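The structure appears below as structure tokens.
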Amino acid sequence: MPDRGSRGPNGPNGPRGPRGPGGPRFSVGRPSRGAKTLLITAAILAGLGILFAMFAGFWTDWLWYSSVDYTSVYRTQLLTRVTMFAVFGLVMALAVGFNVWLAHRLRPPLSAMSMEQQNLDRYRMSIAPYKRWVLLGVAVVIGLIAGGSASGQWRTWLQWVNGTSFGETDPQFGMDVGFYAFDYPFYRFLLGFGFAVVVLSTLAAALTHYLYGGVRLTTPGSRITPAATGHLSVLLGLFVALKAVAYWLDRYGLALKSGDFRNADGWTGLRYVDANAYLPAKTILTIIAVICALLFFATLWRRGWQLPVIGLGLMVLSAVLIGGVYPALVQQFQVRPNEQAKEAEYIQRHMESTKDAYAIADAEIEDYSGTSEAEPETLRTAVGDTASIRLLDPSVVSPAFQQIQQVRGYYQFPATLDVDRYPTENGDQDTVIGLREMNVNEIPERNWINEHFRYTHGFGIVAASGTGVTDDGEPAFTEENLPPEGELPDYEPRIYFGEYTTQYSIVGGPQQEIDYAGEDGEVEYSYTGDAGVELDNWFKRAAYALTMGEPQILYSGAIDGNSQILYNRTPKERVEAVAPWLTIDGDPYPAVVDGRVQWIVDAYTTSSGYPYSARTTLGDVTETSLTENQGEVIAQENRVNYIRNSVKATVDAYSGEVDLYEWDENDPVLETWRKAFPGVVSDRDEISEELMDHLRYPQDLFKVQRDLLQRYHVQNAGQFYSGSERWEVPDDPTHENEVVPPYYLSMRMPGQDEQVFSLTTTFTPLNRDTLAAYMAVEADARSEDYGTMRILTLPSTTTVWGPQQVQSRFNSDPDIAERINLLRRGDSEVEYGNLLTVPLEGGLLYVEPVYVRGAGQNYPLLQRVLVAYGEEIVFEESLDRALDVVFGVTEEGEDPGEEAPPPPDTGEEPPADGEEATAEEAVQDAQEAWEAGQDALAEGDWTAYGEAQARLEEALDRLAELEEGRNEQEETPPDQGQEDPGA
Numbered sequence: 001m002p003d004r005g006s007r008g009p010n011g012p013n014g015p016r017g018p019r020g021p022g023g024p025r026f027s028v029g030r031p032s033r034g035a036k037t038l039l040i041t042a043a044i045l046a047g048l049g050i051l052f053a054m055f056a057g058f059w060t061d062w063l064w065y066s067s068v069d070y071t072s073v074y075r076t077q078l079l080t081r082v083t084m085f086a087v088f089g090l091v092m093a094l095a096v097g098f099n100v101w102l103a104h105r106l107r108p109p110l111s112a113m114s115m116e117q118q119n120l121d122r123y124r125m126s127i128a129p130y131k132r133w134v135l136l137g138v139a140v141v142i143g144l145i146a147g148g149s150a151s152g153q154w155r156t157w158l159q160w161v162n163g164t165s166f167g168e169t170d171p172q173f174g175m176d177v178g179f180y181a182f183d184y185p186f187y188r189f190l191l192g193f194g195f196a197v198v199v200l201s202t203l204a205a206a207l208t209h210y211l212y213g214g215v216r217l218t219t220p221g222s223r224i225t226p227a228a229t230g231h232l233s234v235l236l237g238l239f240v241a242l243k244a245v246a247y248w249l250d251r252y253g254l255a256l257k258s259g260d261f262r263n264a265d266g267w268t269g270l271r272y273v274d275a276n277a278y279l280p281a282k283t284i285l286t287i288i289a290v291i292c293a294l295l296f297f298a299t300l301w302r303r304g305w306q307l308p309v310i311g312l313g314l315m316v317l318s319a320v321l322i323g324g325v326y327p328a329l330v331q332q333f334q335v336r337p338n339e340q341a342k343e344a345e346y347i348q349r350h351m352e353s354t355k356d357a358y359a360i361a362d363a364e365i366e367d368y369s370g371t372s373e374a375e376p377e378t379l380r381t382a383v384g385d386t387a388s389i390r391l392l393d394p395s396v397v398s399p400a401f402q403q404i405q406q407v408r409g410y411y412q413f414p415a416t417l418d419v420d421r422y423p424t425e426n427g428d429q430d431t432v433i434g435l436r437e438m439n440v441n442e443i444p445e446r447n448w449i450n451e452h453f454r455y456t457h458g459f460g461i462v463a464a465s466g467t468g469v470t471d472d473g474e475p476a477f478t479e480e481n482l483p484p485e486g487e488l489p490d491y492e493p494r495i496y497f498g499e500y501t502t503q504y505s506i507v508g509g510p511q512q513e514i515d516y517a518g519e520d521g522e523v524e525y526s527y528t529g530d531a532g533v534e535l536d537n538w539f540k541r542a543a544y545a546l547t548m549g550e551p552q553i554l555y556s557g558a559i560d561g562n563s564q565i566l567y568n569r570t571p572k573e574r575v576e577a578v579a580p581w582l583t584i585d586g587d588p589y590p591a592v593v594d595g596r597v598q599w600i601v602d603a604y605t606t607s608s609g610y611p612y613s614a615r616t617t618l619g620d621v622t623e624t625s626l627t628e629n630q631g632e633v634i635a636q637e638n639r640v641n642y643i644r645n646s647v648k649a650t651v652d653a654y655s656g657e658v659d660l661y662e663w664d665e666n667d668p669v670l671e672t673w674r675k676a677f678p679g680v681v682s683d684r685d686e687i688s689e690e691l692m693d694h695l696r697y698p699q700d701l702f703k704v705q706r707d708l709l710q711r712y713h714v715q716n717a718g719q720f721y722s723g724s725e726r727w728e729v730p731d732d733p734t735h736e737n738e739v740v741p742p743y744y745l746s747m748r749m750p751g752q753d754e755q756v757f758s759l760t761t762t763f764t765p766l767n768r769d770t771l772a773a774y775m776a777v778e779a780d781a782r783s784e785d786y787g788t789m790r791i792l793t794l795p796s797t798t799t800v801w802g803p804q805q806v807q808s809r810f811n812s813d814p815d816i817a818e819r820i821n822l823l824r825r826g827d828s829e830v831e832y833g834n835l836l837t838v839p840l841e842g843g844l845l846y847v848e849p850v851y852v853r854g855a856g857q858n859y860p861l862l863q864r865v866l867v868a869y870g871e872e873i874v875f876e877e878s879l880d881r882a883l884d885v886v887f888g889v890t891e892e893g894e895d896p897g898e899e900a901p902p903p904p905d906t907g908e909e910p911p912a913d914g915e916e917a918t919a920e921e922a923v924q925d926a927q928e929a930w931e932a933g934q935d936a937l938a939e940g941d942w943t944a945y946g947e948a949q950a951r952l953e954e955a956l957d958r959l960a961e962l963e964e965g966r967n968e969q970e971e972t973p974p975d976q977g978q979e980d981p982g983a
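The sequence shown lines up with residues 1 to 983 when you count with UniProt numbering.
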């Protein structure tokens with residue numbers, strides 16, 4: 001009898017596989033114990049690797065926050081997100097899971113008496129062994145999705161928990177503004193989450209009832225069991241109850257409703273039809289929805305859908321009639337025939353709220369004539385007292401900084417430099433400033449060691465006077481060279497953190513860094529700060545190898561226990577990371593403060609919950625002709641209706657230290673965030689005096705405010721409604737399809753006693769090029785009037801040139817055009833600088849520097865200045881000369897426009913040969929001067945080029961005078977001009 005274990009020749013007792021002579025038998029198709037162990041080990045290691053990769057991101061974030069001493073920010077944010085994920089995910093999972101369980105428990109006894117039920121039997125049979133796991137899986141997946149969505153609302157939660165009163169109430173409901181800014185968004189979030197819970201629970205319960213026969217679609221007889229009826233009716237009752245809450249909240253939402261009103265985009269808040277039709281309609285619909293919900297709940301005691309369905313139909317009909325038709329009738333027959341009168345009250349609310357929300361309510365508006373009756377000498381003297389006119393355009397002279405002060409090809413300056421002020425013997429001076437940052441794309445040999453260990457930082461500040469240049473037209477540097485030398489106080493020159501320092505660096509280890517290029521070659525250095533994360537163990541190195549995507553971090557010999565990794569190195573990144581609830585200005589700027597280079601970053605608190613206030617998209621209104629060169633701008637999707645420059649932040653360019661200072665002490669949004677993140681923002685009185693010297697009014701806030709003032713400078717609802725007084729920011733005449741950027745300028749507005757560092761702009765009437773208004777805001781943080789806006793409005797009956805018209809006058813003047821063409825000879829390029837506007841003694845003074853970039857020259861030089869005042873325009877080699885000419889006053893007090901008296905006319909024509917000889921000399925001089933200029937261009941000698949251009953202009957002027965004299969003689973009758981003998 002064969003053995004029970006035998007399965008034939010290859011059974012358990014038969015041969016297991018081929019074997020050699022005397023060799024062991026080999027198993028086929030079954031892994032050996034060693035292979036099993038290897039597979040299990042590999043699986044465990046793979047799992048650990050995946051877990052470590054997931055953990056590495058959290059851990060490296062924690063290490064970075066520890067390196068900047070802001071772990072409290074990361075901890076608060078992480079705990080809030082995790083808590084909301086867990087709580088709301090658990091609520092969603094329990095709600096859906098409970099309703100699925102309840103629907104299964106309420107299932108009827110099954111009898112497959114129909115084709116529908118027979119088809120469902122297969123699904124029931126397949127699910128039966130795993131129904132607990134299916135229930136758990138469905139609940140967990142839905143819970144994870146809901147938790148992930150809820151965790152993204154951590155800001156909403158923190159604002160609701162820590163909300164601060166604004167101390168202002170809306171005019172319709174009498175609710176504090178804080179309710180709309182902090183409470184209302186959270187209530188809306190809870191309502192939305194409640195709807196999601198009920199809808200998903202209803203769908204899951206209905207599907208379960210259908211699967212187990214509680215709901216039948218084609219089976220004869222009752223289509224739904226009483227148990228399923230009661231269950232689903234309760235869920236539908238909850239949905240309708242939530243709809244009642246939604247109707248009630250919609251009443252307050254009317255104060256935040258945004259829409260377009262004629263040409264005034266974003267008219268927010270209630271209108272006449274909202275207050276008199278929609279508001280009572282929402283109240284009525286709330287009551288109807290509550291009654292309808294009670295009818296659904298009543299089905300628990302009285303089976304049947306008649307009453308709930310009737311109630312639901314009534315609610316839908318009411319929503320259509322009361323919430324749709326009735327308001328439309330009110331709008332058509334009450335509002336439209338007399339819209340301006342009906343809407344005046346609500347427009348006024350909107351205007352006042354918008355001005356308060358954007359801090360433009362206190363703008364000082366006064367009339368300005370635009371023309372002057374002052375004497376020329378008075379005007380010429382007043383220029384120096386009125387403004388320090390900045391000739392150095394920070395958007396044009398960057399190439400000059402790059403070529404003259406780059407020193408090494410791997411350094412770079414920003415495309416648009418910054419404007420600051422520094423003390424001199426004669427007071428503060430407007431200064432154009434830029435940092436010499438590292439550009440790893442231009443290092444001599446690109447490899448991992450050079451990019452991340454050797455070339456790690458920039459070096460030094462380069463600064464130049466904003467109001468003057470050298471004789472050659474180059475910037476007059478006040479801080480220059482390597483190592484730095486000049487008028488700035490001593491400071492730490494190494495730039496480890498900057499606007500263009502985006503790559504990570506590993507410093508402090510055995511590998512020395514390139515410090516700067518000295519006279520004897522490149523000087524080496526090793527970082528001594530503590531800005532980075534120490535790579536002092538293999539776990540940290542492995543974590544950063546994963547997060548940075550660079551395996552060499554794990555095993556490179558260039559890293560030891562003293563090495564630090566620096567990353568998140570731009571000022572914007574660092575401030576955003578330590579204060580994720582702030583909106584960051586797009587243009588951080590450097591300053592020397594207490595012996596350190598500090599990046600100064602303006603930060604804003606914003607809200608979209610200020611009732612009646614107009615909404616604006618920050619990214620759109622902060623774009624100008626310069627933002628492309630300034631780097632990042634405010635996020636395009638950031639749509640708000642309240643903004644304050646509530647925080648001034650600094651980032652140390654060497655240590656990377658981030659400090660946040662309270663600036664607006666009356667901002668309830670900042671106060672709310674300070675409660676949520678205690679100890680993160682320092683009090684305002686901790687700002688040092690030296691730092692205060694460099695704080696200024698931020699450009700992005702100013703752009704937002706000037707955008708609003710185009711519409712909201714008017715004082716009454718009638719003007720706003722008609723739009724007749726609307727302004728617009730003019731296009732930049734030197735940059736196509738871009739608006740004029742605001743300009744920093746030290747100047748004195750009418751009524752001020754002295755010059756103040758200011759931020760200025762111009763306005764033109766809508767769709768016109770004449771000047772409508774001029775605005776300046778005091779930008780010096782040391783001033784008691786910091787932030788004061790002064791607007792000079794021009795009379796509509798007087799035509800005062802706007803920037804576009806001034807530029808057109810410059811371009812169309814024949815004499816100026818001819819001289820510009822002379823500057824363009826030899827493939828030279830002419831670049832126009834910023835067109836500055838200055839109110840002067842009742843009129844407007846325009847000044848525009850003109851730069852020339854010679855053939856083969858990589859940077860422009862200031863060669864001429866255009867000036868306009870009133871009807872006069874001039875084009876001269878210096879600002880002083882241009883001002884003398886435009887006001888008709890020379891340095892000697894003579895009128896340069898007055899021609900010298902002609903010689904006595906004897907009636908005799910001068911000898912033709914002498915005239916020809918003079919003309920030939922002028923032509924020869926012009927030819928020699930032009931050739932000398934070309935030779936100077938080829939050699940890059942701009943001093944010689946300027947002298948040659950002066951000789952060329954002189955020769956051409958002589959030719960023009962000769963030609964004019966010849967024409968006059970040809971046109972004058974023979975007897976005209978002779979003295980009457982009888983006189």
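Yeah, the Cβ is synthetic: ideal placement off N, Cα and C, and Gly gets one too.
Keep in mind the model is a prediction, meaning the values are calculated, not measured.
Quick check on the burial criterion: 16 or more other C-beta atoms within 10 angstroms. Buried or exposed for residue i?
i           : result
residue 950 : exposed
residue 929 : buried
residue 603 : buried
residue 763 : buried
residue 154 : buried
residue 641 : buried
residue 233 : buried
From the DSSP output, read off the bridge partner residues of residue i.
i           : result
residue 648 : 602, 661
residue 463 : 433, 479
residue 689 : Residue 689 is not bridged to any residue.
residue 774 : 762, 792
residue 727 : 765
residue 564 : 507, 534
Would you say residue i and residue j are within 9 Å of each other, going by their C-beta atoms?
i           : j           : result
residue 750 : residue 796 : no
residue 388 : residue 755 : yes
residue 171 : residue 349 : yes
residue 680 : residue 660 : yes
residue 867 : residue 851 : no
residue 760 : residue 729 : no
residue 168 : residue 471 : no
residue 368 : residue 734 : no
Write down the C-beta distance between residue i and residue j rounded to the nearest angstrom, noting that I regard them as a contact closer than 8 Å.
i           : j           : result
residue 363 : residue 789 : 4 Å
residue 654 : residue 496 : 6 Å
residue 668 : residue 165 : 7 Å
residue 456 : residue 505 : 4 Å
Which residues in the same chain have their Cβ closer than 8 Å to the Cβ of residue i, if we skip the five residues on either side of it in sequence?
i           : result
residue 428 : 421, 422, 746, 757
Which residues in the same chain as residue i place their Cβ atom closer than 7 Å to its Cβ, once the five residues preceding and following it in sequence are excluded?
i           : result
residue 484 : 460, 461, 493
residue 108 : 213, 214, 225
residue 208 : 100, 103, 104
residue 256 : 180, 268, 609, 611
Just to confirm my understanding: we take residue i, look at its own chain, exclude 5 residues before and 5 after, and list those with CB closer than 6 Å. What are they?
i           : result
residue 398 : 413, 415, 417
residue 612 : 268, 269, 349, 350, 353
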